[in-house]
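Colleague: Pasting a structure below so you can have a look.
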Amino acid sequence: MKLEGVSYEVPDFATSTLSVGFLLGPCAVAFALGKLRELRAEPEEEDPSLTSKRIPALKMTRQSVMLLLRELTVLGAIMLFTWACENRPFFAHAQKTHVPDFFWFICLMVLMFAIGSVHHDPRSNDLVNRDQTEEWKGWMQTVFLLYHYFHESEVYNPVRIMISCYVWMTGFGNFSFFYIKQDFGFVRFAQMLWRLNFLVLFLCLTLNNMYVLYYICPLHTFYFLLVFATMRVYKEINHTMYPVRVKLLCVGALIYLIWEFNAAFELVFKPIPNDPHPGAAVGAYGIRYEWHFRSGLDHYSTFFGMIFACNFPQSTQWIQIVEALPKHQEWLIKGSTGAVLMAAFWWWATEILPLPKLQFNSWNPYTFMIPLLTYLFFRNLTPWLRQIHLGVLANIGKYTLETYLMQHHIWLTTNAKTVLVFVPDHPKVNMVLVTFVYFALARRLFRTTMITRALLIPDSSPQALWFLGQGGLILASAGFAAWTTQFLQFSWPLVFFLILVLGVALYFGLERKLASASVNSTGLGGTSGSEIAASSWARAFTTFAVGLICAIAAIQALPSFAPQGAAPNAGPMRGPAHRYPQEACLNEVLRGDWVPSGQGRCKASNDPFCDGRKWDWADHLAEKACHFQFFNSDEARELVAGRTLLFVGDSNTLRVAAAVYASLEPTQGQWLASDPMTGDVVPKFDNTWTVSSTPPGEVRFVAAERNKAMAGAVSTAEISGAPADIVVAGAWVQDMKTPSHRAELAAISAKTGRDRLMLLGPVRVVESKLAGPFASSTSSDMAERLSVEFSAVASEFAEFFVDMHALTANASNLCVDGVHFADDVYQVAAQQLFYAIKQLHPPAPRPAAEDSKQPKKGQGGGVAMSPSTGLLVLGLAAIMLFTMDVYGGVAVFFLKVFPPHASLDYASSVSELHRKIGAPTYMPVNSADVENPDLYDGESDDEGEKPQAKLASAENGTHHRGGSVRSAEAASGAAVQLSSVRPK
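Count the sequence shown with the working numbering and you get residues -7 to 976, in order.
So this is what it looks like as C-alpha cells:
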C-alpha cells in the first residue's frame, strides 16, 4: 500500500527561518556599527533609568535604542544557535537512554543540594507566598525535565499531576491580580500575551514548527484569556460575597458543557483546523484533536485555581483563627483536617495513581485537586513551614517557561525526541556541559523577554499600541523580504549581503532619527516629548491595527505548519533542497552503521558486548527529511493497536519478533534465553503475545526453518488464530542455495498478499565465531553472495525488505556465535519494521465521534469525557465556593465542631484588603506593592510581590516584606474574628 505522490524533502532552511534572519540579522549589524561608533566617540553620560529594575519605555535616545538592538541581537544569536543544534549539530544527536537508577540519583542529588540552600524569612508568613510558589515550580520543573531527558515513562502519572498544578497556578495567579489590581486595560493584556508567546513565536518561525508543539504556551494563553474574560465580565461584582461565586460557578458550568460533550467542543473550536499531519511530531490526528487532548487533560485546573484565589482571604482568616488558639486546640483542628485530606490522598495514591497511562489520564481532570490540595495544606501547616523555602529550587522556578521551551532544541533536540551532543561517547560529561549551556541561555532569554517587554509595551496605552504596530509592520517586512528571495537565485552570500545592506540602512536611518530627536525633542511616535500624547490615540491605534493585520498576513503566508507527509521542520523550499520520495525513504532507513556508543556493557573480561555500539543512519539529510526515529513504546503501540503481526521463520526471526515485543512492552523483562554455542532460543513466554494498546494488538511467532515450509506455517497460524494484518517472514541463508527459492518466496507472497508481506534477509556470517552445527555448513562468502541475490528479488514478493546482512555487516563485535547477534541488532531491525509500518500501513485517524473510546498517546480520545463525574466536580466546586473553604468544607467544619466553635466572617476577612485597594470602587495602588504575576513562571519585573502575597499582607495589616507578621493590627483582626465566636 504505497502512498502515491508522497515525497519527503528537507530544505536548508524554510521561508519562516529566513524571515527571522531578515528581522534580527539587520539589528545585529546595526548594533555592531553602533558599538564601533561608541568606541570612537566621546562616552555619553549613562542613563540611570536603563540600569534600574524597572526599565522605562523605549525613547529616541542612543542608549535606549542600543539597549533594544542589543537584546534583539542576543535573541538572534540564540535563535541561530538553536537552529544549528537542530539542523547542523556539532555531533549526531543521541538517542535517549532509559536509566531509572540514574534518573533517581540526579533527583536525590538535586534535592540534597537544594536542602543546603534553605532560606528562613520570618517575614514571609503568608499562605502560598511567592518564595514558596517559586520553589514549588522549581522542583516540579526539575522532575519534568529529567522525565523527558531519560524518557522515564514510569513517572508519567506524577508528572501529569505537576502539569495540572502549573495550569492551576494560571487561575490562582491571574484571578489574584485582577481581584487586587482591577486592571483590565490593553497594556496588562498585551504584556501577559507577550510574556507567554514572545519566545515561542520566534521558535516557531525559526524552526518552522507548529504552535501546538509547545502545548504549554497555547494552554496557558487560552486559560489566561478565560480568567481575563471571567473577571472582566460584570467586573463590578468581583468584590461581592456571593455574586462573584455564582459567576465562577457559571464559568464552571460552561467548562463542563464544552469539555464533557464532544459536540459542544467541536462547535466552539471548529475554526481550529483538523487536517492530519502524519509526518509532524504532533498533529497526526489534526490540530483540533491535539488541542482537545491537551486542554481536556486540565480543563478544570484553572477553574479550581480561581476558586482558591476567591477564597484566599477566608483561608488566611482560618489560619489566623486556628493559630491564635491554644496549641492543643490548634492541632486538634489542623490534625483532623489533615487526616481527612490524607485519607483522600491515600485513596487517590492507591486507586488512581497506579493506573495505566490511558486510564489515569481519563481520571486526572477530576481528581488532580486531591494531591494538589493535600500538598498545599501540609506545605503551609505551620508558620515555620511557610517561612522557609529552598533557594536553589526557587531560582529554577523563576525561568520555567524558558526552560520548558528550550528543552525541545538545546537540552534535547528533534523536538525533544533525541539528546544534544557536545561530547560524544561520554553521556554523563555531555549532560553536564549541555545542561550548563541550556540553563544559561534560558536565563538570558528570560531577561531578553522582560527587557523588550518593558521597552515596547510600557504603561502608556498609546505608546504600547504604537510600538506594537511598528513591530507588526517590521515583522511583515521581514516576511516579505524572505518571500521575495524565492524569485532570486539562492546563495548564502546573497542572504548575508542582503542582511548586511539592511543592517547598514537601519543603522543610518536610526542615526538620522536620533539626530532629529536631539534637535527637535521628538519622540518615536513623531509627537513632542518622550511619550505619545493623548491626542495621538487615533494615530497609535491606526498604526497598531495596520501592523497587526500585516503581521498576521505575513505569519499566515509563512509555513508555520508542516505540510501533510512532511518532516516536522519541512516547509516551502529555500535554497538547495534534498527531495526523498517515499520509496527512497524506505531504502535509506536500512542504510547506516554501528558507531561507538561510549556505553559499553561489560559484565566480564570476555563479554562479547564490551565494545558497545549504537546504530547511526548514513544519510543525515534523509534522517531529517524522512523523519527517521527510534519509536518509544507509546508510539510503537499506536502503530500495532488492533493489529496482528505474524512472524514466520528461524531463530533470527524469533529474535526480531522478541525485539518488536520488547519495544512494545518494555516492562515485561528479558525476552529470550539463548545458548551462544548452538543458537537455540527458548522464549520466556508463549509464542503469542498481547500488546496493551487500545484496541489490543498481538505479536505471534511460528517456527519455519525453510522457505518451503513458510506458506504452510502461515496457513496453520491463521487457521488457529485471527488473520494476520502484517506477515514478517525470515529467510535463512541455506534456503538461498536451493534452486526453488524464488518459487517458494512467490508462494509465500501469494498466500499472504504482497501488500502485507515484509521479509527479513539473512544475517552476515562471522566465521571467526562460528561454533557448533553452524561451523561446517556456513561461510561468510556464501552468505554475502546469496544475500545479494536475495535482495535483488525480494521486492518482487514483498513491499518491504529488512536487509539483515547490511545491518550486521560491521557488527562482528556484536556477534555471539557466528550467526546470532546481540539484542541491539534485533532492536534496530524492529525499529526499521516500525518505520515501514508507519509509512506503508499508517493507523487511520480516529473519527471525532469515537474520540472518547479510542485513546491517543495515552489519553482517551483527545479528552476523557465523563459527564456524570463532571457533575460531581461541579458539586465539589459549589461546596468550596459557598462554604468559602478551599478544602471542600472540611476545614470550616472542624473549626465549627471543635472548641471554641468558631466560624469564618466574610466581612472581617476582606474589609482591610478592600480598604487598601479601594474596592469596589477602583483606586490605583502603588505599583511597587502589587506585582504582575507572570503566568506559568510567576516572575516579577522587579522586587515587588505577587498578588497573593499582597492579598495576604493586606489581610494581616502588614506589608509582605516589612514589619512583624503578627502586627498589632493583625492581632486585633484575629480578636475581632474570635469575638464573634459563640459557644454551643
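Cβ coordinates follow ideal geometry from the N, Cα and C atoms, glycine included.
Assess, as a yes-or-no matter, whether the region 154 to 165 is touched by the region 421 to 435 under the definition of 3 or more beta carbon pairs within less than 8 Å.
Modeller: No, the region 421 to 435 does not touch the region 154 to 165.
Colleague: Hey, how far is the Cα of residue 459 from the Cα of residue 257?
Modeller: Residue 459 sits at position 467 when you count from the first residue of the sequence shown. Residue 257 sits at position 265 when you count from the first residue of the sequence shown. Approximately 36 Å between the Cα atoms of the pair.
Colleague: Tell me the residue span of the beta strand (DSSP E) that contains residue 750.
Modeller: Against the sequence shown, residue 750 aligns to sequence position 758. Note, residue 750: beta strand (DSSP E), 749 to 752.
Colleague: Flag residue 199 as yes when its Cβ comes closer than 7 Å to any non-hydrogen atom of the ligand HEM, and as no otherwise.
Modeller: The ligand HEM is not among the ligands present in this structure, which contains no ligands whatsoever.
Colleague: Using 8 Å for Cβ pairs, my map puts residue 825 next to residue 750. What's the rounded Cβ distance?
Modeller: As a position in the sequence shown, residue 825 is number 833, starting the count at 1. As a position in the sequence shown, residue 750 is number 758, starting the count at 1. Between residue 750 and residue 825 the Cβ distance is about 7 Å, and since that is below 8 Å, they are a contact.
Colleague: Tell whether a beta-carbon distance below 8 Å holds between residue 647 and residue 879.
Modeller: Within the sequence shown, residue 647 is the residue found at index 655, counting from 1. Within the sequence shown, residue 879 is the residue found at index 887, counting from 1. No; because the gap between Cβ atoms is not below 8 Å, this pair is not in contact.
Colleague: How should residue 283 be labelled, buried or exposed, when 16 other C-beta atoms within 10 angstroms of its C-beta is the threshold for buried?
Modeller: Counting from one through the sequence shown, the residue named residue 283 turns up at place 291. Burial call: buried.
Colleague: With residue 746 as the anchor, note down where its beta strand (DSSP E) starts and where it stops.
Modeller: Here residue 746 refers to the residue found at position 754 when the sequence shown is read from its first residue. It is not in any beta strand (DSSP E) - residue 746 carries neither H nor E in the DSSP assignment.
Colleague: Could you say if the region 328 to 343 and the region 360 to 369 meet the contact criterion of at least three C-beta pairs nearer than 8 Å?
Modeller: A contact exists between the region 328 to 343 and the region 360 to 369.
Colleague: Give the DSSP bridge partners of residue 690, in chain order.
Modeller: Position 698 of the sequence shown, counted from the first residue, corresponds to residue 690. BP columns for residue 690 point to 636 and 682.
Colleague: Assuming residue 16 and residue 68 make a contact with CB atoms under 8 Å, what is their CB distance in whole Å?
Modeller: For the purposes of this step, residue 16 is taken as the residue at position 24 of the sequence shown. For the purposes of this step, residue 68 is taken as the residue at position 76 of the sequence shown. 3 Å between Cβ atoms; contact.
Colleague: Can you give me the start and stop residues for the beta strand (DSSP E) that residue 382 sits inside?
Modeller: Reading the sequence shown from its first residue, position 390 is the one you call residue 382. Segment 380 to 382, the beta strand (DSSP E) holding residue 382.
Colleague: Could you pull the start and end residues of the alpha helix (DSSP H) that residue 70 belongs to?
Modeller: Taking the first residue of the sequence shown as 1, we reach residue 70 at position 78. 54 to 79 is the span of the alpha helix (DSSP H), which, as asked, contains residue 70.
Colleague: Could you give the uninterrupted runs of the beta strand (DSSP E) lying entirely in the region 84 to 154, keeping only those of 3 residues or more?
Modeller: Taking only runs of at least 3 residues, the beta strand (DSSP E) segments lying wholly in the region 84 to 154 are 110 to 112.
Colleague: By a C-beta neighbour count over all protein chains shown, 10 Å radius and 16 as the cutoff for buried, is residue 809 buried or exposed?
Modeller: On the sequence shown, residue 809 is found 817 positions in, with the first residue counted as 1. It counts as buried.
Colleague: Going straight from the alpha carbon of residue 267 to that of residue 874, what length do you get?
Modeller: Here residue 267 refers to the residue found at position 275 when the sequence shown is read from its first residue. Here residue 874 refers to the residue found at position 882 when the sequence shown is read from its first residue. Straight-line Cα distance between these residues: approximately 44 Å.
Colleague: Could you say which of 634, 348 and 57 lies nearest to residue 509 if we only look at CA atoms?
Modeller: If you number the sequence shown from 1, residue 509 lands on position 517. Out of 634, 348 and 57, 57 has the C-alpha closest to the C-alpha of residue 509.
Colleague: Can you look up residue 415 in the DSSP assignment and give me helix, strand or coil?
Modeller: Taking the sequence shown and counting its residues from 1, one reaches residue 415 at position 423. Here residue 415 sits in coil by DSSP.
Colleague: Could you work out which residue in 811, 410, 71 and 371 is closest to residue 142 when comparing CA atoms only?
Modeller: For the purposes of this step, residue 142 is taken as residue 150 along the sequence shown, with counting starting at 1. If we check each option's Cα against that of residue 142, 410 comes out closest.
Colleague: Within 10 angstroms of its Cβ, does residue 197 collect 16 or more other Cβ (buried), or is it exposed?
Modeller: Taking the sequence shown and counting its residues from 1, the one referred to as residue 197 is at position 205. So residue 197 ends up on the buried side.
Colleague: On the CB-based measure, 16 or more other CB atoms within 10 Å of its CB, does residue 504 come out buried or exposed?
Modeller: As a working mapping, residue 504 is identified with position 512 in the sequence shown. With fewer than 16 Cβ atoms within 10 Å of its Cβ, residue 504 is classed as exposed.
Colleague: Over the uninterrupted alpha helix (DSSP H) stretch that includes residue 449, give me the two end residues.
Modeller: To locate residue 449, count along the sequence shown from 1; it is residue 457. No alpha helix (DSSP H) holds residue 449; DSSP gives it neither H nor E.
Colleague: Could you say which of 10, 106 and 26 lies nearest to residue 496 if we only look at CA atoms?
Modeller: The count along the sequence shown starts at 1 and reaches residue 496 at position 504. The shortest C-alpha separation from residue 496 is found at 26.
Colleague: Are the region 377 to 385 and the region 118 to 126 touching, with three or more C-beta to C-beta distances below 8 Å?
Modeller: Output reads yes: the region 118 to 126 touches the region 377 to 385.
Colleague: Which residues bound the beta strand (DSSP E) around residue 722?
Modeller: Position 730 of the sequence shown holds residue 722. Unbroken beta strand (DSSP E) run through residue 722: 718 to 722.
Colleague: Classify residue 867: buried if its beta carbon has 16 or more other beta carbons within 10 angstroms, exposed otherwise.
Modeller: Within the sequence shown, the letter at position 875 stands for residue 867. With fewer than 16 other Cβ atoms within 10 Å, it is exposed.
Colleague: Mapping DSSP to helix, strand and coil, what is residue 11?
Modeller: Along the sequence shown, one-based indexing puts residue 11 at 19. DSSP places residue 11 in helix when its eight states are reduced to three.
Colleague: Which residue comes first and which comes last in the beta strand (DSSP E) that contains residue 792?
Modeller: In the sequence shown, residue 792 corresponds to position 800, counting from 1. Counting along the chain, the beta strand (DSSP E) containing residue 792 begins and ends at 792 to 794.
Colleague: Going by CA-CA distance only, name the one from 404, 190, 634 and 888 that's closest to residue 393.
Modeller: For the purposes of this step, residue 393 is identified with residue 401 of the sequence shown, where counting begins at 1. Comparing Cα-Cα distances from residue 393 to each of 404, 190, 634 and 888, the minimum goes to 190.
Colleague: With a CB to CB cut of under 7 Å and the five nearest residues on each side skipped, what residues in its chain are close to residue 829?
Modeller: The residue given as residue 829 occupies position 837 in the sequence shown. Within the same chain, residue 829 has close Cβ partners 631 and 718.
Colleague: So is residue 70 buried or exposed if we call it buried at 16+ other beta carbons inside 10 Å?
Modeller: Position 78 of the sequence shown, counted from the first residue, corresponds to residue 70. Under this definition residue 70 is a buried residue.
Colleague: First and last residue of the alpha helix (DSSP H) that includes residue 350?
Modeller: To locate residue 350, count along the sequence shown from 1; it is residue 358. From DSSP, the alpha helix (DSSP H) with residue 350 extends over 349 to 359.
Colleague: Can you check whether the CB of residue 50 is closer than 8 Å to the CB of residue 23?
Modeller: Counting from 1 along the sequence shown, the entry for residue 23 is found at position 31. Counting from 1 along the sequence shown, the entry for residue 50 is found at position 58. It is not a contact, given that the beta carbons lie outside the stated cut-off.
Colleague: Whole angstroms is fine: what's the gap from residue 995's alpha carbon to residue 584's?
Modeller: Residue 995 is absent from the model: the chain starts at -7 and stops at 976.
Colleague: Starting from residue 982, trace the alpha helix (DSSP H) in both directions and tell me its first and last residue.
Modeller: A query on residue 982 cannot be resolved here, the shown segment of the chain reaching from -7 to 976 and no further.
Colleague: Expressed to the nearest angstrom, what Euclidean distance is found between the alpha-carbon atoms of residue 315 and residue 154?
Modeller: Sequence index remark: in the sequence shown, residue 315 carries index 323 (1-based). Sequence index remark: in the sequence shown, residue 154 carries index 162 (1-based). Using only the alpha carbons, I get a separation of about 30 Å.
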